[in-house]
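Same order as they appear, the protein sequences are chains H and L.
Residue 1 is where the first sequence starts when you use the numbering used here, and the numbers rise one by one after that.
Residue 1001 is where the second sequence starts when you use the numbering used here, and the numbers rise one by one after that.
This report refers to the structure that appears directly beneath it.
2 protein chains.
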Amino acid sequence: MRVTIKDVSKAAGVSIKTVSRVLNKEKYVREETKKRVDAAVAALNFSPSLAARTLAGRRSFQIALLYDNHSPHYIHQVQDGVWARSREEGVRMLAQPIDVASQTLAAEVGGLIDETHVDGVILSSPVTDAPDVLAELERRGVRFVRISPGTNHALTSSVFMDDVQAADDMTSHLINQGHKRIGFVLGHPNHMASDQRHFGYRRALDRAGIAYEPALVRQGAFDFASGREAAEVLIALPAPPTAIFASNDDMAAGVLAYAHSLGLDVPQDLSVAGFDDTALASLVWPPLTTIRQPVRELAYTATKLLLRPETDVIHQRLPHELVIRSSTGRPRTA
Amino acid sequence: MRVTIKDVSKAAGVSIKTVSRVLNKEKYVREETKKRVDAAVAALNFSPSLAARTLAGRRSFQIALLYDNHSPHYIHQVQDGVWARSREEGVRMLAQPIDVASQTLAAEVGGLIDETHVDGVILSSPVTDAPDVLAELERRGVRFVRISPGTNHALTSSVFMDDVQAADDMTSHLINQGHKRIGFVLGHPNHMASDQRHFGYRRALDRAGIAYEPALVRQGAFDFASGREAAEVLIALPAPPTAIFASNDDMAAGVLAYAHSLGLDVPQDLSVAGFDDTALASLVWPPLTTIRQPVRELAYTATKLLLRPETDVIHQRLPHELVIRSSTGRPRTA
DNA sequence: TTCACGTATGACAACGATGTCTGAATGCGC
DNA sequence: GCGCATTCAGACATCGTTGTCATACGTGAA
C-alpha cells in the first residue's frame, strides 16, 4: 500500500531511525549513508506522513493563517505571501477564515490548535486585534506574528507599513500639485488604519499651513457605496474640494463613479486619490493614484519571522509606495 | 498537558473506545452514556487530535482544494464555497495553489496526498483539465470532483454552468436592444470556456438571422490590457460595432476604459457587456451588464458531492443569471 | 594500554486516536 | 427458568513517525 519509512529503511539497508535522521537533517549521519537514504527516498517516491510526524514529534509542519473578510484581493495577496514562505520552509499553510464578531471565537481558535497541532499562527488584520484570539493564543503558548496590527502589543512580533506616513505622502502630493481644498473620506471606524490615515492627512495639511476643515472630511466604510455618498456631499458644498482623497480604492472608485455621473472631468475638475493599490486601481478610468501596500511582502515577512528559530520579538516596518497615475493632476484654477 | 480522549474517558467513567464511539457517532451507545461523554467533552474542552485520527483511522477529515491562479475574486468565492460545506461536514479544507504548467505537477500532487492523507480533492478550473493531475488522482484511487471542467470526463463527478447558453443569453439581450453589429472579445485560448462562450455568441446571432462577421471578433486573454487592445481595433473598423461583448469582466473593463479615453458615451455610443460578475463589474462606470456565474454555489455543491457517502458519478448543472446594469442600452441609431 | 569523547547507528517506547475482537448484560420466546 | 439473539463496553493491537537511550567505533591524550 503506502510507502513508509520502513520501506525506505529496508531499501537503503539502514534502520528507520537513521532514515528519520536524514529526513530531519539531523547531525551524525555519514555523508555516504545519507546518500543511500536519499536515493531510496527518491526511488520509492516516499513522502512522510504528516499525521505520524505530528503525533510522534514536537512539530506539525503546519501553520495557520487566520483572516476575516477583507477584500478578496487583500486576502489573496496575504495567502500568496504566507504560502510562498511556507513552501520554502517545507511547511503547510492552513488558511482559516474566521468571524471576529463571533461569540465562540476563542473556542474555535482553540479547537483549531488542538486539532491540528499547528506550530504557529499568522494573524492578518482585523484578526490581529481580536482580544479573545490573542488571549487564547498566549494562554496556549502558541507562537504568532501579526500583519498590520492596529493595536500595540509589544509581546509578539509584527510586520506593518506606516499608514500615517503614507497618507501624509499622498496628501502632500496633492498639495504639491496645487490643491488647497482637499476632501477626505474616512475608512471604516472599526479599523485602526482609518485613524492613522486620517492623522497623516491632517499632518500634511498642518505642515503646509492649510487649515483643517471638518466639513471636508466625511465618514466612509471602505466600500464603493460609502465613497459615492461621501462624494455627493463633498461636491455639493458651497466651496467644493478640488481633490478627494479616499482612504481606500473601493471608495475612490465610488467617488470616481459619482464624478462621472455629473460629467466632471477627472482630474481637471476633480482629482481623486485612493489607497491600497488593489487591482481595481488600474481597472477604473482614469486609473487611480494610490498608495501601494506591500501586502504580499508583509505576509511573506511575517511567515519568515514566525518560522525562524530565534524567539526574540521583532516589529518590522516595510516600505510603501506612492503610485502616481492619471486620476490626480493640477486643479483647473491653479 | 493536552487533553486527550483518555482524560475524557476517565471523566465520563467509560472506556476510551466508548468515547471514540460517541465522537464518531457510531451505533450501540446508550443515550445516557452518550450524554455523560458529551458533558465530559464539553467540560474538558476536548478537541480530538486530527493527526491521531488520521493515523489510526481510515479518514483524515481533510480535503484539498487545488487551484491555479485565476482572479483573486474567483478563487475567493471557490474557497468560500468549499470551506462552508467542509465546515458543515466537520472536515478541514487545505487550499493548495499549484502551477498547472509545472513539470513536477503529478509528483507535487502525489506528495500532497501522501503527506496529508486527504479524503478527497476538489479541482477548480484550470486544474480540472491537467491530465497529469487527473491521472495521478486516479492511480491512487483518490475521490475528486471538478468545478467547471473544460474537458469531458465521465468517470468523476463535476459541477458546472452552461457557458454556451449564458453567452447566448447575453448576445440575445443585446440583439433585443436593437444591436445588429456586436463585437466579441474572445477569452484566453487555453480556456475551454472561451470556445463555449464564442459558440453561444454565434448561436444567438444565427437564430436572429444576423450574419457572423469574423472582423467583429478579436482574440483576448481574459485580462484588462487585451480587452483594451481589442476595443481599439473594433472601434477603428469602417463600420464599428454598437456593442462589444467581452468574454469576461476584466476585458470589458478594458473596453470601457478605451471608450472613455475616446470620449464615447456608454451605453449611448457603445454598449459594453462582460461575463462573470466579479466585484469589478459594479465598481466601474457605468456598472457592467454581465453574467453571474454561481461560483460559490458551484464550489459548495462540488464539496457536497465529494463528501457524500454514495459513490455514483453525478454531473450537475447550476443556473447562471443575466445581470443587466447600465453599460448596455439601445444603440443611438436604433 | 587505557580512558574519555565525539561520531554514527539502532532498539524500543511513545504519541492519541481507531479497528478488531471478545465478553458481558439485556430482552425475548418457549 | 433456560437458551439465544441483540446490544453495549472494554482490552489490545495498530497506524507511521520521532524521542530517548544504549551501544559500537575510532581517535587522541594520559
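We treat Cβ as the ideally placed atom computed from N, Cα and C, and that holds for glycine.
Over the uninterrupted alpha helix (DSSP H) stretch that includes SER1015(L), give me the two end residues.
The residue you call residue 1015(L) lines up with position 15 of the second sequence. It is not in any alpha helix (DSSP H) - SER1015(L) carries neither H nor E in the DSSP assignment.
Minimum length 4: unbroken alpha helix (DSSP H) runs contained in the segment 1087-1142 of chain L:
Correct list: 1105-1116, 1131-1140.
In the DSSP assignment, find the alpha helix (DSSP H) that holds ARG292(H) and state where it starts and stops.
For the purposes of this step, residue 292(H) is taken as the residue at position 292 of the first sequence. Per DSSP, ARG292(H) belongs to no alpha helix (DSSP H); it is in the beta strand (DSSP E), 290-292.
Cβ neighbours of GLN316(H) in the same chain (closer than 8 Å, five flanking residues each side left out)
On the first sequence, position 316 is the one that residue 316(H) refers to. In the same chain as GLN316(H), and ignoring 5 residues on each side of it, the C-beta atoms closer than 8 Å to its own belong to SER157, SER158, VAL159, PHE160, THR301, LEU305, in chain order.
According to the Cβ coordinates, are HIS1076(L) and HIS76(H) closer than 8 Å?
The count along the second sequence starts at 1 and reaches residue 1076(L) at position 76. The count along the first sequence starts at 1 and reaches residue 76(H) at position 76. For the pair HIS1076(L) and HIS76(H), the CB atoms are nearer than the 8 Å cut-off.
Nearest-angstrom Cα distance between ARG1308(L) and ASP1206(L)?
Mapped onto the second sequence, residue 1308(L) falls at position 308. Mapped onto the second sequence, residue 1206(L) falls at position 206. One C-alpha to the other measures close to 42 Å.
Between the segment 1027-1034 of chain L and the segment 1085-1097 of chain L, do three or more beta carbon pairs fall short of 8 Å?
Cβ pair count under 8 Å is below three, so no.
What residues in its chain sit with their C-beta under 6 Å from that of TRP83(H), if we drop five residues either side in the sequence?
To locate residue 83(H), count along the first sequence from 1; it is residue 83. Taken in chain order, the residues that qualify are MET93.
Counting only beta-carbon atoms, is GLU115(H) nearer than 8 Å to chain L?
Counting from 1 along the first sequence, the entry for residue 115(H) is found at position 115. Yes - at least one Cβ of chain L is within 8 Å of the one on GLU115(H).
Is the separation between the beta-carbon of THR1054(L) and that of ALA51(H) shorter than 8 Å?
What you label residue 1054(L) is simply residue 54 of the second sequence in a count that begins at 1. What you label residue 51(H) is simply residue 51 of the first sequence in a count that begins at 1. Cβ atoms of THR1054(L) and ALA51(H): closer than 8 Å.
Using DSSP with H/G/I as helix, E/B as strand and the rest coil, what is ILE1147(L)?
Stepping through the second sequence from its first residue, residue 1147(L) is reached at position 147. Assignment of ILE1147(L) by DSSP, reduced to helix, strand and coil, places it in the strand class.
Would you mind reading off the limits of the alpha helix (DSSP H) that contains ILE1175(L)?
As a working mapping, residue 1175(L) is identified with position 175 in the second sequence. Where ILE1175(L) is concerned, the enclosing alpha helix (DSSP H) starts and stops at 1163-1176.
Strictly under 8 Å for the Cβ-Cβ distance: is THR54(H) near chain L by that measure?
Counting from 1 along the first sequence, the entry for residue 54(H) is found at position 54. Yes, contact with chain L.
Nearer than 7 Å: is that true of the beta carbon of LEU1264(L) relative to any heavy atom of the ligand FAD?
Ligands in the displayed structure: none, and consequently the ligand FAD is not present.
Contact set for ASP1163(L): own chain, Cβ-Cβ below 7 Å, skip 5 residues either direction:
For the purposes of this step, residue 1163(L) is identified with residue 163 of the second sequence, where counting begins at 1. Non-local C-beta neighbours of ASP1163(L) in its own chain, meaning closer than 7 Å and more than five positions away in sequence, comprise ALA1193, GLN1196, ARG1197, GLY1200, ordered along the chain.
Chain L contact residues for HIS73(H), given Cβ-Cβ distances below 7 Å:
Here residue 73(H) is taken as the residue at index 73 of the first sequence, counted from 1. Within 7 Å of the CB of HIS73(H), the CB atoms of chain L belong to PRO1072, in sequence order along the chain.
Cβ of PRO1097(L) within 8 Å of any chain H Cβ:
Your numbering for residue 1097(L) matches position 97 in the second sequence. Judged by the 8 Å Cβ criterion, PRO1097(L) is in contact with chain H.
Cα-Cα separation between SER411(H) and ILE5(H), rounded to whole angstroms
Residue 411(H) is absent from the model: chain H starts at 1 and stops at 334.
Against chain H, with Cβ distances strictly below 8 Å, would VAL1284(L) count as a contact?
Taking the second sequence and counting its residues from 1, one reaches residue 1284(L) at position 284. Cβ-Cβ to chain H under 8 Å: yes for VAL1284(L).
At a Cβ cut of 7 Å, what residues of the segment 194-224 of chain H count as close to chain L, listed as they run along the chain?
Cβ contacts with chain L come from PHE224.
Short-range partners of chain L found in the segment 17-31 of chain H, where Cβ spacing is below 8 Å:
Residues passing the 8 Å Cβ filter: none.
Partner residues on chain L for PRO48(H), Cβ-Cβ distance less than 9 Å:
Counting from one through the first sequence, the residue named residue 48(H) turns up at place 48. Neighbours of PRO48(H) on chain L, chain order: ASP1114, GLU1115.
Evaluate the contact criterion for the segment 1271-1283 of chain L versus the segment 1231-1244 of chain L: three or more CB pairs, one atom per stretch, below 8 Å.
At 8 Å Cβ cutoff, the stretches touch.
What number of angstroms, rounded off, separates the C-alpha of GLU1138(L) from the C-alpha of ARG139(H)?
The sequence position of residue 1138(L) within the second sequence is 138, counting from 1. The sequence position of residue 139(H) within the first sequence is 139, counting from 1. Answer to the nearest angstrom: the Cα atoms are 44 Å apart.
Closer than 8 Å by C-beta to GLN103(H): which residues in its own chain qualify, once you throw out the five before and the five after it? Chain order, please.
In the first sequence, counting from the first residue as 1, residue 103(H) sits at position 103. Nothing listed; no residue qualifies.
Since SER1247(L) contacts PHE1224(L) with CB under 8 Å, what's their CB separation in whole angstroms?
Sequence index remark: in the second sequence, residue 1247(L) carries index 247 (1-based). Sequence index remark: in the second sequence, residue 1224(L) carries index 224 (1-based). Your pair SER1247(L) and PHE1224(L) does not check out as a contact, with CB atoms roughly 13 Å apart and the cut at 8 Å.
Between HIS260(H) and chain L, is there a C-beta pair that is closer than 8 Å?
Numbered from its first residue, the first sequence carries residue 260(H) at position 260. For HIS260(H), at least one C-beta of chain L is nearer than 8 Å to its own C-beta.
Per-residue burial, PRO189(H) [other beta carbons within 10 Å of its own, 16 or more giving buried]
For the purposes of this step, residue 189(H) is identified with residue 189 of the first sequence, where counting begins at 1. With fewer than 16 other Cβ atoms within 10 Å, it is exposed.
Show which residues of chain H have a CB atom less than 8 Å away from the CB atom of HIS1076(L).
Looking up residue 1076(L) in the second sequence gives position 76. Ordered by position in chain H, the residues that pass the 8 Å Cβ test against HIS1076(L) are PRO72, ILE75, HIS76.
Can you give me the start and stop residues for the beta strand (DSSP E) that VAL1377(L) sits inside?
Look at the range of chain L in this structure, 1001 to 1334, and you will see that residue 1377(L) is not part of it.
Assuming contact is defined by CB atoms lying nearer than 8 Å, are GLY1187(L) and PHE1222(L) in contact in what I supplied?
For the purposes of this step, residue 1187(L) is taken as residue 187 along the second sequence, with counting starting at 1. For the purposes of this step, residue 1222(L) is taken as residue 222 along the second sequence, with counting starting at 1. Yes, the pair counts as a contact, with Cβ atoms nearer than the cut-off.
Beta-carbon proximity check, ARG988(L) vs GLY1178(L), cutoff 8 Å:
Outside the displayed range of chain L (1001 to 1334) lies residue 988(L), so it cannot be described from this structure.
ASP131(H): which of HIS173(H), SER327(H), THR116(H), ASN152(H) sits nearest, CA to CA?
Along the first sequence, read from residue 1 onward, the residue named residue 131(H) stands at position 131. Per the sequence shown, residue 131(H) should be read as Pro rather than Asp. If you compare the alpha carbons of HIS173(H), SER327(H), THR116(H), ASN152(H) with that of PRO131(H), the shortest gap goes to ASN152(H).
Using a C-beta to C-beta distance shorter than 9 Å, which residues of chain H count as neighbours of ASN1336(L)?
One cannot answer for residue 1336(L) here, as it falls past the ends of chain L, which runs 1001 to 1334.
For the beta strand (DSSP E) containing GLY1183(L), name the first residue and the last one.
Reading the second sequence from its first residue, position 183 is the one you call residue 1183(L). First-last of the beta strand (DSSP E) with GLY1183(L): 1182-1185.
Quick check for students: name the residue ranges of the beta strand (DSSP E) that lie wholly in the segment 1207-1267 of chain L, counting only runs of 3 or more.
Counting only runs of 3 or more, we get 1243-1246.
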